Every structure is written in C-alpha cells, then in structure tokens.
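Residue numbers (my numbering), protein chains in the order written: chain H, 39 to 197; chain D, 380 to 577. Here a beta-carbon is modelled for each residue, glycine too, at the ideal position from N, C-alpha and C. Remember, predicted model here, so these are calculated numbers, not experimental data.
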Ligand SMILES: Nc1nc2c(ncn2[C@@H]2O[C@H](COP(=O)(O)OP(=O)(O)O)[C@@H](O)[C@H]2O)c(=O)[nH]1
Ligand SMILES: [Mg+2]
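Below is the structure:
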C-alpha cells in the first residue's frame with residue numbers, strides 16, 4: 039500500500055514555484071499537479087474558469103487506464119501522453135511514478151517547448167516529492183490526526 | 380490513500396461504491412449530489428455509455444464539516460458493475476480509504492451480489508488491502524421492490540463479518556446519507572488510529 043500523501047507549507051511553496059515558473063517558461067495556459075488518486079496538489083496559470091477538481095480526477099483516471107494497458111502489454115507505465123485539440127492541447131507527464139504533471143497550452147506555445155520545459159520541471163518535482171515522502175515517514179512529525187477525538191468525528195454529523 | 384494538506388488545511392479521502400450492475404451505485408451519488416449545497420460539492424462526472432451504464436466511473440467531490448480546523452473532503456467514486464469491466468474496477472480501487480458495498484435486494488440478484496462481493500475481496504487483495512480490515516459498510520438497496528429478499532437472508536449471504544449495514548431505497552434517497560455518514564465515520568476513525576501507530 040502507498041504511504042499517505044501529506045502536504046506541508048515548505049514543500050508546497052517549492053512545488054508551487056516550479057509550477058508557476060513552468061507556466062511562464064512553457065508559455066502555458068495552465069499547469070497543475072495531481073496525485074495518482076486524483077487529488078489536486080498544486081495549480082498555476084489561468085485556472086479561474088477551469089474545473090480543476092474534475093480535471094484532476096479525470097487525469098488520474100486516464101493515467102490509471104493507460105497504466106493498466108501498459109501492464110497488459112508488459113510495458114512499464116506510459117509516462118507521457120499528449121492530446122491535441124483545436125484550440126487547447128494537453129501534455130500529461132507521470133513524475134516519479136507518483137504524481138502527474140499536466141500542462142495545458144495553445145498556439146502561443148509548441149509541443150517542443152513544452153516537452154523541454156517539462157523535462158526540467160519533472161526532475162525538480164521528483165526531488166521535492168522524494169524529500170516530502172521521507173519527511174512524511176519520519177516518526178516524530180506533528181500530526182493533526184492523532185488529536186482527533188471520537189467526539190470530533192460525531193460532531194461532524196450533528197446537523 | 381488519504382491526502383492531508385496542512386497548507387489548505389484539508390483532509391481528503393477516497394470512497395468507492397461497489398456492487399453488481401444496476402444495484403443503484405450511480406443513484407446513490409445522484410441523490411447525494413442533489414441534496415448537497417452548491418458550495419459543498421463539485422461537479423458530478425459520469426463516464427457512461429450511451430445507455431447510461433457506467434463505463435469507467437462516476438465521480439463526485441463533496442465536503443463535510445471541519446475537524447480541528449481541517450475541512451474534510453471526500454471523493455466519491457462508483458465502479459462499473461458489469462462483470463467484463465473488471466480491469467476498470469481494479470483501477471478505481473487504487474488508493475481507496477473506504478468501501479460501500481451496494482447490494483441489490485431483489486432475490487434474483489442474490490448470485491450477482493455474492494459474485495460482486497467476492498470480486499471486491501479479490502481486487503482489494505491485489506492492491507494489498509484486506510476486506511476484513513478496510514473501513515467497509517453494506518447497503519441493502521431496492522427495499523421497495525416486492526421481490527426484495529428478507530434482510531436476514533442478505534445478511535447471511537453478504538455480511539459474515541457483521542459490518543455496519545443499512546437498508547435503502549436509493550431511488551427515493553432513503554438510507555443514502557445514513558450509509559455515507561457511517562463510512563465517513565469509519566474512515567476518519569481509521570485515519571486517527573493509523574496515525575497514532577506511527
Ligand atoms: N425500485 C428501485 N429502483 C432503484 C433503486 N435504486 C436505483 N434504482 C434503479 O435501478 C437502476 C440502476 O441504477 P444505477 O444507479 O444506474 O445502478 P448502478 O449500475 O449500480 O450504477 C436505475 O433505473 C435506478 O433508477 C431503488 O432503491 N429502488
Ligand atoms: Mg452506475
């Protein structure tokens with residue numbers, strides 16, 4: 039089983055910085071990061087009119103489906119996917135087999151540029167998530183969950 | 380696998396509705412969607428065939444109240460029930476925090492229920508989970524139908540472990556939120572336990 043995903047301010051700021059730089063350097067409309075279970079981790083760019091929660095879940099479903107296909111073909115994961123639309127294109131990259139980096143771009147950018155910038159961002163993100171995982175697994179982290187009482191849980195439903 | 384975000388102060392969990400084809404999984408989500416305030420829910424997505432049979436999954440993000448200053452958010456998924464979609468069902472179980480088994484109470488669906496329950500156990504085991512340990516509740520749906528089997532019979536066939544069980548008429552909404560509350564409680568309790576062991 040996978041360890042629990044946890045996000046702290048320090049790592050989030052690092053991740054957000056990578057994502058924001060990628061928007062600029064790749065001339066992208068939107069960049070976001072999703073974990074393999076479909077939870078949105080970070081987003082940057084023109085996200086205002088975008089349903090990022092839905093996109094996150096569908097992206098994860100998509101990666102899961104192609105991962106399933108890969109297994110049937112005895113391939114490793116298909117780490118990269120690209121979908122070309124009339125106005126928007128979407129580039130999906132699996133990072134460290136753990137999170138998914140999604141870049142949405144239009145004619146102001148190009149696949150070549152996006153690929154190039156994604157490669158560097160992936161390496162950086164990989165390092166950040168690795169460090170995050172180590173931190174999550176360390177025994178002495180201050181965890182909000184241990185403080186939750188049964189009464190807290192009951193109170194959720196007292197309406 | 381839950382996701383704790385200390386920055387946005389959110390606890391995110393994944394729940395999966397499992398069960399044989401046409402037992403009422405999508406109907407459960409539709410009712411929850413209709414009864415949840417706009418600010419507490421996202422869009423409901425159904426990846427379905429033209430005949431409205433679930434092809435890959437339904438997805439509904441909802442948020443419940445706060446615990447210790449953390450907003451609790453649940454991602455609800457359904458699986459496609461038909462036997463031949465097994466590969467898709469396995470994918471959707473990845474990272475699951477809690478499972479709701481929706482049984483079709485009709486006596487003629489007894490075999491399908493049992494088969495689906497065994498399929499759930501097998502597919503969870505493949506992901507490294509045990510059905511005996513994961514937060515799990517059972518819903519006996521379609522209690523309104525004349526051919527509904529007695530609860531005792533369903534219980535014997537499906538609930539050997541005596542997990543929390545609820546009668547439901549999902550089409551009318553009866554029992555839908557009772558089931559949801561029960562599983563979210565179990566999931567949060569499990570999260571708390573799991574973190575205490577570290
Ligand atoms: N009579 C009755 N019909 C139901 C009930 N719940 C769902 N249905 C109907 O059963 C059919 C299949 O439901 P659906 O939610 O699509 O099943 P799914 O395959 O498990 O997603 C639909 O026509 C529903 O309206 C119920 O409690 N009673
Ligand atoms: Mg369905």
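Take the Cβ of residue i as the centre, count every other Cβ of all protein chains shown within 10 Å, and call the residue buried at 16 or more, exposed below.
| i | result |
| --- | --- |
| residue 467 of chain D | buried |
| residue 159 of chain H | buried |
| residue 463 of chain D | exposed |
| residue 504 of chain D | exposed |
| residue 187 of chain H | exposed |
| residue 49 of chain H | buried |
| residue 535 of chain D | exposed |
| residue 576 of chain D | Low local confidence applies: a pLDDT of 43 at residue 576 of chain D is under 50, so the model's placement there is unreliable, and no value is given. |
| residue 201 of chain H | Missing from the structure shown is residue 201 of chain H; chain H here goes from 39 to 197 and no further. |
| residue 39 of chain H | Any reading at residue 39 of chain H must be qualified, since the residue scores a pLDDT of 43, below 50, and its modelled position is unreliable; no value is offered. |
| residue 397 of chain D | buried |
| residue 109 of chain H | exposed |
| residue 107 of chain H | exposed |
| residue 451 of chain D | buried |
| residue 498 of chain D | buried |
| residue 473 of chain D | buried |
| residue 169 of chain H | exposed |
| residue 447 of chain D | exposed |
| residue 149 of chain H | exposed |
| residue 45 of chain H | buried |
Measuring alpha carbon to alpha carbon, tell me which residue in the options is nearest residue i.
| i | options | result |
| --- | --- | --- |
| residue 367 of chain D | D/526, D/513, D/557 and D/563 | Residue 367 of chain D lies beyond the residue range present for chain D, which begins at 380 and ends at 577; the question has no answer from this structure. |
| residue 440 of chain D | D/459, D/409, D/387 and D/521 | D/409 |
| residue 486 of chain D | D/518, D/390 and D/529 | D/529 |
| residue 100 of chain H | H/44, H/115 and H/111 | H/115 |
| residue 457 of chain D | H/95, H/108, H/125 and H/128 | H/95 |
| residue 518 of chain D | D/549, D/393, D/568 and D/571 | D/549 |
| residue 153 of chain H | H/51, H/128, H/71 and H/80 | H/128 |
| residue 437 of chain D | D/393, D/516 and D/527 | D/393 |
| residue 477 of chain D | D/390, D/562, D/386 and D/470 | D/562 |
| residue 475 of chain D | D/380, D/496 and D/449 | D/380 |
| residue 142 of chain H | H/68, H/97, H/45 and H/57 | H/68 |
| residue 97 of chain H | H/73, H/52, H/194 and H/169 | H/73 |
| residue 560 of chain D | D/543, D/447, D/427 and D/570 | D/543 |
| residue 495 of chain D | D/391, D/402, D/388 and D/382 | D/402 |
| residue 419 of chain D | D/427, D/434 and D/442 | D/442 |
| residue 139 of chain H | H/47, H/70 and H/92 | H/70 |
| residue 524 of chain D | D/516, D/532 and D/484 | D/484 |
| residue 124 of chain H | H/145, H/51 and H/91 | H/145 |
Please find out if some non-hydrogen atom of ligand 4 comes closer than 8 Å to the beta-carbon of residue i.
| i | result |
| --- | --- |
| residue 447 of chain D | This structure lacks ligand 4; the ligands present are ligand 1 and ligand 2. |
By DSSP's criteria, residue i is part of a beta bridge. Which residues make up the other side?
| i | result |
| --- | --- |
| residue 131 of chain H | H/118 and H/139 |
| residue 82 of chain H | H/69 |
| residue 394 of chain D | D/455 and D/477 |
| residue 101 of chain H | The partner list for residue 101 of chain H (beta bridge, DSSP) is empty, contrary to what the question assumes. |
| residue 427 of chain D | D/433 |
| residue 449 of chain D | D/446 |
| residue 440 of chain D | D/454 |
| residue 383 of chain D | H/44 and D/390 |
| residue 548 of chain D | D/553 |
| residue 482 of chain D | D/519 |
| residue 420 of chain D | D/441 |
| residue 527 of chain D | D/485 |
In the segment 422-435 of chain D, which residues sit with their C-beta less than 8 Å from some C-beta in chain H, listed in chain order? 422, 424, 426 and 435
Please list the residues of the segment 100-134 of chain H that have a C-beta atom closer than 7 Å to any C-beta atom in chain D, keeping them in chain order. 102, 103 and 106
Return the residues of the segment 458-489 of chain D that lie within a Cβ-Cβ distance of less than 7 Å from chain H, sorted by chain order. 466, 470, 473 and 474
Selection of the segment 549-561 of chain D by Cβ proximity to chain H, strictly under 8 Å: Of all residues in the segment 549-561 of chain D, 560 have a Cβ within less than 8 Å of some Cβ in chain H.
To be precise: take each residue of the segment 381-402 of chain D, compare its Cβ to all Cβ atoms of chain H, and keep it if any distance is under 7 Å. Which residues remain? 381, 382, 383, 384, 385, 386, 391 and 393
Mind checking the segment 405-420 of chain D against chain H and listing, in chain order, the residues whose C-beta falls within less than 8 Å of any C-beta there? none
Between the segment 45-66 of chain H and chain D, which residues of the former have a C-beta closer than 8 Å to a C-beta of the latter? 45, 46, 47 and 50
Compile a chain-ordered list of the residues in the segment 436-449 of chain D whose CB is closer than 9 Å to at least one CB of chain H. 436, 438, 440, 443, 444, 445, 446, 447, 448 and 449
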